[in-house]
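Down below is the structure, laid out as structure tokens.
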Amino acid sequence: MTMKIGILVGSLRAHSYNRMVANTIPDLVPTAQFEHIAIGELPFYNSDLDQDEGPDAVKLFRDQVRAADGIIIVSPEYNAGMPGVLKNALDWASTKAAAGALIKKPAAIIGATPGPRGTIMGQQQIRHTLEGVQALALPYQRMYISEVMHKVDPAVGKLTDATTNKYLQRYVEAFVQWIDQVNLLDR
Ligand code: FNR
């Protein structure tokens with residue numbers, strides 16, 4: 001069966017570089033099926049709202065995370081950490097009412113920035129939180145994209161730098177293998 005991978009983008013802006021990176025992934029790894037999982041409509045986490053299935057946007061989000069064989073987070077770094085909107089989404093997926101949507105869920109982290117350091121600090125924080133929610137982040141390998149403005153074509157909304165695309169393809173292929181490994185261990 002075709003593997004189904006959910007993609008969460010940590011930026012909500014219309015011309016987000018990280019969204020351009022996310023949009024490129026399905027072209028590079030056509031053997032898997034990718035689905036964008038929206039996080040922008042989630043309310044701020046509030047345990048008073050976190051009863052039963054929660055608000056509609058939360059239910060949809062959790063259902064999509066649960067149905068995915070793995071998730072890829074593609075996110076900018078804000079002030080050396082992850083954007084609040086992404087942390088909010090991970091919190092919604094983590095609680096008892098979410099019935100462990102992220103527990104043992106294979107996860108990969110990608111980040112793009114116009115700056116020189118490729119979202120290193122932001123990715124560390126994301127990795128730390130993924131450990132906290134008992135997701136299984138792809139070990140060892142990292143995918144940092146710096147000076148991203150020189151590597152995209154905004155007109156097509158995708159990453160067009162050949163070298164970066166090659167690394168991105170290898171990274172996502174490694175993640176597909178990681179999902180297979182996790183599933184084998186889980187049997
Ligand atoms: C940033 N940016 C940024 N970049 C970076 O490399 N390290 C950082 O710590 C920060 N901090 C930061 C904080 C805030 C509040 C904003 C709005 C931006 C710049 C950021 O990488 C840039 O705006 C990207 O273009 C954001 O990603 P998207 O929206 O293009 O995907």
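Mapping to UniProt numbering: the sequence shown position 105 is 105, numbers consecutive. Cβ coordinates follow ideal geometry from the N, Cα and C atoms, glycine included.
For residue i, which three-state DSSP category applies?
i: His15; result: coil
i: Ala97; result: helix
i: Pro106; result: strand
i: Val58; result: helix
i: residue 217; result: Limits of the chain in this structure are 1 at one end and 187 at the other, which puts residue 217 out of reach.
i: Ala67; result: helix
i: Ala80; result: coil
i: Phe175; result: helix
i: Asp27; result: helix
Since residue i and residue j are thought to touch, with beta carbons under 8 Å apart, how far apart are those beta carbons, to the nearest angstrom?
i: Asp27; j: Ala97; result: Not really, about 36 Å apart at Cβ, beyond 8 Å.
i: Thr160; j: Asp153; result: 4 Å
i: Val85; j: Ile39; result: 6 Å
Per DSSP, which one or two residues make a beta bridge with residue i?
i: Ala89; result: According to DSSP, Ala89 bridges with nothing at all.
i: His150; result: Looking at the DSSP assignment, His150 forms no beta bridge with any residue, so it has no partner.
i: Phe34; result: Ile5
i: Leu138; result: Note: Leu138 sits in no beta bridge, so no partner.
i: Leu159; result: Val152
i: Met20; result: The partner list for Met20 (beta bridge, DSSP) is empty, contrary to what the question assumes.
i: Gly111; result: Tyr144
Considering residue i, what are the terminal residues of the alpha helix (DSSP H) in which it resides?
i: Gly132; result: 120-132
Considering just the uninterrupted stretch of the beta strand (DSSP E) at residue i, what are its terminal residues?
i: Val74; result: 70-74
i: Met143; result: 143-145
Give a yes or no on whether 7 Å exceeds the smallest Cβ distance from residue i to chain C.
i: Glu147; result: Among the protein chains of the structure shown there is no chain C, as only one such chain exists.
Are three or more beta carbon pairs between the segment 59-73 and the segment 3-16 nearer than 8 Å? yes
Quick test of the definition: if touching needs 3 or more C-beta pairs under 8 Å, does the segment 102-111 touch the segment 53-60? no
Please confirm if the segment 138-156 is in contact with the segment 85-92, defined as three or more CB-CB distances below 8 Å between the two stretches. no
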